[in-house]
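Beneath this line is the structure, given in structure tokens, with notes to follow.
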Amino acid sequence: MAMDLPVEAFNPTHRMMVYLEYSSSSMSLDGVPRASDHPVGHVPDDVAFEMKGRVLAGRYEVGDQVARGGMAVVYSGVHLGIGRRIAFKFLLPRYSVLPAARRRFRNEARIASSLRCSSVVSFFDTGRTDEGILYHVMEFLDGRDLGHILRDAREIPVDWAVRVTIQALWALKAVHSSGVVHRDLKPGNLFLAEQPGGGWMVKIVDFGLSRPGPLHEVEPAVTNPGSVVGTPHYLAPEQAMEQETVDARADLYSIGVVLYRMLARRFPFEGRGYTDVILAKVRGGAVPVDTVRPDLPPGLADVVMRAMARDPVDRHPDAGAFVQALMPYA
Ligand SMILES: Nc1ncnc2c1ncn2[C@@H]1O[C@H](COP(=O)(O)OP(=O)(O)O)[C@@H](O)[C@H]1O
Ligand SMILES: [Mg+2]
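Using numbering that gives the first Met the number 0, count along the sequence shown one by one with no gaps and you end on 329.
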């Protein structure tokens, strides 16, 4: 049964904001565009976008489309040389013409690759099609993202929700130890990847909005000062105010909302649009999760609500501490 609130209900607005950010930052921050920023040839529109059957870079064959995010389309494929299953992530044509979006997309692969953590999706290669569409080549993940699972689930068992959250937090610990802040954690970016021997593990995908760490050699800042990125429901209030200065605790807030959502089947703050949700967050006072789901074991609601504290200093200090607090409930 579908859940009452679609996971990505606010995605169009969010992506529109990102689009605006890209447009403006490409004017003010990017300096002289590099030749490679400009696509060559005819860029297909998003509706006509179809890559199936193409062979890219002479060795990667594109298979079926498996998912579509806000800015990218993901396809399955095969590395012809070694027969390995792969996934492609193509930046949608609409974004492929925006220099700042292209930079951010290229940075994604660099940031994620540097993490070298099995709980982060692996990137193998990156390239561009003859039309100028950027793509990444990644490990192919079997399984489903948490967004899909939430949409189909009736009720999520408490211990299952806690285990997923702990796995996501372990992954996040590795991400944060490199100084990276993901900044777009939500169910659609947490993938439950089936493992060859059975079972599954959480892998973090989509570093498209991430803040790089101090040692990352990425292209220059692509976020406009004062601009906002992120999905409003999962966004920490301080991230809604000022994107650039957020630290790892903004990710912990987002994970807190993911857990809240799994347990309560609703969001801690509801609103009719982007601004409503953000204003509700800034005002504070989320409905405690045990009010919505009274059968929670004692103490768990406090752990969840602490992750979502309005002031970052009141949250769990880091991903490891959040894991410790959740352990008794797994
Ligand atoms: N390597 C992969 N293998 C299989 N599916 C993937 C892979 N990476 C992403 N996906 C799926 O594609 C969706 C969109 O990918 P994502 O990187 O989140 O793009 P976007 O930036 O557009 O949100 C994800 O929510 C996930 O379901
Ligand atoms: Mg995504």
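For glycine and all other residues, C-beta sits at the position ideal for the given N, C-alpha and C.
Sequence-ordered residues whose beta carbon comes within less than 6 Å of a heavy atom of ligand 2
G68, G187, N188, D205
Based on Cα-Cα distance, which residue from W159, R182, F87, R260 lies nearest to V286?
Stepping through the sequence shown from its first residue, residue 286 is reached at position 287. If we check each option's Cα against that of V286, R260 comes out closest.
What number of angstroms, rounded off, separates the C-alpha of P195 from the C-alpha of R83?
Counting from 1 along the sequence shown, the entry for residue 195 is found at position 196. Counting from 1 along the sequence shown, the entry for residue 83 is found at position 84. Whole-angstrom Cα-Cα distance: 14 Å.
Which of the three DSSP states is assigned to V312 in this structure?
As a working note, residue 312 is residue 313 in the sequence shown. Three-state result, V312: helix.
Find out if the Cβ-Cβ distance for the pair V54, Q64 is shorter than 8 Å.
Against the sequence shown, residue 54 aligns to sequence position 55. Against the sequence shown, residue 64 aligns to sequence position 65. Using a Cβ distance threshold of 8 Å, V54 and Q64 do not count as a contacting pair.
Any non-hydrogen atom of ligand 1 closer than 7 Å to F321 Cβ:
Position 322 of the sequence shown holds residue 321. Result no, Cβ not under 7 Å from ligand 1.
Where the alpha helix (DSSP H) containing G319 begins and where it ends
Here residue 319 refers to the residue found at position 320 when the sequence shown is read from its first residue. 318-325 is the span of the alpha helix (DSSP H), which, as asked, contains G319.
E130 beta carbon near ligand 1 (any heavy atom closer than 7 Å):
Position 131 of the sequence shown, counted from the first residue, corresponds to residue 130. Placement of the Cβ of E130 at a distance of 7 Å or more from every heavy atom of ligand 1 is found.
Using a Cβ-Cβ cutoff of less than 8 Å, which residues in the same chain neighbour D158 once the five nearest sequence positions on both sides are dropped?
The residue labelled residue 158 in the question sits at position 159 within the sequence shown. Here the set comprises Y328, A329.
According to the Cβ coordinates, are M307 and Y252 closer than 8 Å?
As a position in the sequence shown, residue 307 is number 308, starting the count at 1. As a position in the sequence shown, residue 252 is number 253, starting the count at 1. Yes; because the gap between Cβ atoms is below 8 Å, this pair is in contact.
Report yes if the CB atom of A160 is closer than 8 Å to the CB atom of L278, and no otherwise.
Indexing the sequence shown from 1 puts residue 160 at position 161. Indexing the sequence shown from 1 puts residue 278 at position 279. Result no, Cβ atoms of A160 and L278 do not sit closer than 8 Å.
In three-state terms, what does DSSP make of L189?
The sequence position of residue 189 within the sequence shown is 190, counting from 1. Residue state, collapsed to three classes: strand.
CB of L149 to nearest heavy atom of ligand 1: below 7 Å?
Here residue 149 refers to the residue found at position 150 when the sequence shown is read from its first residue. Checking every heavy atom of ligand 1 against the Cβ of L149, none is found closer than 7 Å.
From the DSSP output, in three-state form, read off R67 for me.
If you number the sequence shown from 1, residue 67 lands on position 68. The answer is strand: DSSP assigns R67 an E or B state.
How is the alpha helix (DSSP H) around I254 delimited, first residue to last?
Position 255 of the sequence shown holds residue 254. From DSSP, the alpha helix (DSSP H) with I254 extends over 247-263.
Measuring straight from C-alpha to C-alpha, what distance separates E269 and R58?
Residue mapping note: residue 269 aligns to position 270 of the sequence shown, counting from 1. Residue mapping note: residue 58 aligns to position 59 of the sequence shown, counting from 1. C-alpha separation (whole angstroms): 47 Å.
Let me check understanding here. Comparing Cα to Cα, which of L214, E130, L79 lies closest to S176?
The residue you call residue 176 lines up with position 177 of the sequence shown. Selection L214, E130, L79 evaluated against S176 yields L214 as nearest (Cα-Cα).
Please report the distance separating the alpha-carbon of D289 from that of L295.
Here residue 289 refers to the residue found at position 290 when the sequence shown is read from its first residue. Here residue 295 refers to the residue found at position 296 when the sequence shown is read from its first residue. One C-alpha to the other measures close to 6 Å.
In or out: G197 buried (at least 16 other Cβ within 10 Å) or exposed?
Against the sequence shown, residue 197 aligns to sequence position 198. Counting Cβ neighbours within 10 Å, G197 comes out exposed, since fewer than 16 surround it.
When the Cα atoms are used, what is the spatial distance from R93 to G68?
Along the sequence shown, read from residue 1 onward, the residue named residue 93 stands at position 94. Along the sequence shown, read from residue 1 onward, the residue named residue 68 stands at position 69. As the crow flies, the alpha-carbon of R93 is around 13 Å from that of G68.
Neighbour-count burial assignment, A47, 16 or more Cβ in a 10 Å radius:
Here residue 47 refers to the residue found at position 48 of the sequence shown. Under this definition A47 is an exposed residue.
If I measure Cβ to Cβ from V303 and keep anything under 8 Å in the same chain, skipping five residues before and after, which residues do I get?
Your numbering for residue 303 matches position 304 in the sequence shown. Here the set comprises G255, L258, Y259, L262, V288.
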